[in-house]
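What the sequence shown shows, in this note's numbering, is residues 4 to 270, in sequence order. Remarks on the structure that follows.
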Amino acid sequence: MVRFKYFLLIMGVLKSFAVYAADLWTAVSLLVIGQTTVTPAIPTEVSKWIFFGCIMVSFLLLTWDMIKARRILITRDISYNFTCDIANTYLSLKDYQCHCLFQIIRDGIDGYAYFVFYNLKGWKRLLLAEAPRQVINIVTLQALVPEWLKFHQGRFTLHNEALGADLIQQILTVTMAFSVVIFTFSFALVCAAAVLYVFLIFHIRGNLKEYVCHKADKRIESLLRPQALNQVYPRSSSFVYPDGQRLLDNSLKSYSPQLSQKSTYFS
Numbered sequence: 004m005v006r007f008k009y010f011l012l013i014m015g016v017l018k019s020f021a022v023y024a025a026d027l028w029t030a031v032s033l034l035v036i037g038q039t040t041v042t043p044a045i046p047t048e049v050s051k052w053i054f055f056g057c058i059m060v061s062f063l064l065l066t067w068d069m070i071k072a073r074r075i076l077i078t079r080d081i082s083y084n085f086t087c088d089i090a091n092t093y094l095s096l097k098d099y100q101c102h103c104l105f106q107i108i109r110d111g112i113d114g115y116a117y118f119v120f121y122n123l124k125g126w127k128r129l130l131l132a133e134a135p136r137q138v139i140n141i142v143t144l145q146a147l148v149p150e151w152l153k154f155h156q157g158r159f160t161l162h163n164e165a166l167g168a169d170l171i172q173q174i175l176t177v178t179m180a181f182s183v184v185i186f187t188f189s190f191a192l193v194c195a196a197a198v199l200y201v202f203l204i205f206h207i208r209g210n211l212k213e214y215v216c217h218k219a220d221k222r223i224e225s226l227l228r229p230q231a232l233n234q235v236y237p238r239s240s241s242f243v244y245p246d247g248q249r250l251l252d253n254s255l256k257s258y259s260p261q262l263s264q265k266s267t268y269f270s
């Protein structure tokens with residue numbers, strides 16, 4: 004299961020690169036090539052600058068997130084690295100055992116709070132960098148689909164020429180559709196997290212990030228307690244490890260904090 008989650012992590016990274024590449028391709032196509040053969044509801048001269056502005060905001064947010072992730076990596080605080088997407092992904096890809104440690108921490112904390120926290124983190128990017136251009140994509144696709152998919156004499160027929168006059172414009176349309184699908188899924192998750200947060204806020208009575216970090220710290224302390232006892236009472240060589248314990252020991256061996264210091268820091 005841990006290996007499958009590691010595979011999903013890699014696929015998520017590739018998906019992120021694909022989304023950025025699709026948006027860049029769409030923006031460049033709109034700026035250089037122009038719109039598809041279907042007359043858009045929003046003038047091209049307006050939509051292309053909206054796309055350019057959104058992409059600039061997206062990369063500015065990405066740059067800021069990378070700066071924050073670098074600062075968090077320097078602190079070597081496990082809970083902060085665990086709750087930071089970029090730091091978590093970087094450490095997980097850098098070392099598989101670190102990914103195992105993060106998964107063990109995640110499995111032991113409040114799943115409800117983690118779901119809300121994880122999905123609400125990207126609301127700025129979703130509303131400021133994604134929503135405006137996806138509205139343009141949706142309006143454009145809404146005009147394209149009736150021309151592409153037609154019902155004639157009891158049968159559906161596809162007219163790929165409606166997607167664009169040439170291959171480049173057709174690729175533009177496909178990337179638009181891909182971006183809309185990703186945005187729709189992300190928007191649904193953010194809306195669900197926002198609704199659930201209303202019920203959660205009465206329980207945590209404070210900052211959501213601090214609550215998740217506190218839960219992560221408590222989970223780390225519970226994982227390290229057997230390690231501390233093992234230093235005082237070493238296990239016998241004939242001791243039979245329970246399922247998953249050897250994986251935990253290997254992860255903590257590489258990323259165990261100094262027990263004489265704060266227990267939630269990388270050594």
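The beta-carbon is built from N, C-alpha and C at its ideal position, and this holds for glycine as well. Predicted model only: the values in this text are computed from it and were never measured.
Spatial distance of residue i from residue j (CA atoms)
i: residue 193; j: residue 57; result: 19 Å
i: residue 227; j: residue 114; result: 21 Å
i: residue 27; j: residue 60; result: 13 Å
i: residue 109; j: residue 217; result: 12 Å
i: residue 49; j: residue 11; result: 38 Å
i: residue 220; j: residue 81; result: 8 Å
i: residue 145; j: residue 83; result: 43 Å
i: residue 214; j: residue 207; result: 7 Å
i: residue 116; j: residue 13; result: 24 Å
Beta-carbon gap between residue i and residue j smaller than 7 Å
i: residue 196; j: residue 130; result: no
i: residue 87; j: residue 75; result: yes
i: residue 136; j: residue 64; result: no
i: residue 24; j: residue 181; result: no
i: residue 112; j: residue 222; result: yes
Coil, strand or helix - residue i by DSSP
i: residue 113; result: coil
i: residue 169; result: coil
i: residue 80; result: strand
i: residue 98; result: coil
i: residue 136; result: helix
i: residue 209; result: coil
i: residue 87; result: coil
i: residue 124; result: coil
i: residue 45; result: coil
Among the options, nearest to residue i - alpha-carbon criterion
i: residue 183; options: 215, 169, 138; result: 138
i: residue 177; options: 17, 21, 5; result: 21
i: residue 105; options: 5, 147, 134; result: 5
i: residue 70; options: 142, 172, 90; result: 90
i: residue 17; options: 207, 187, 172, 92; result: 92
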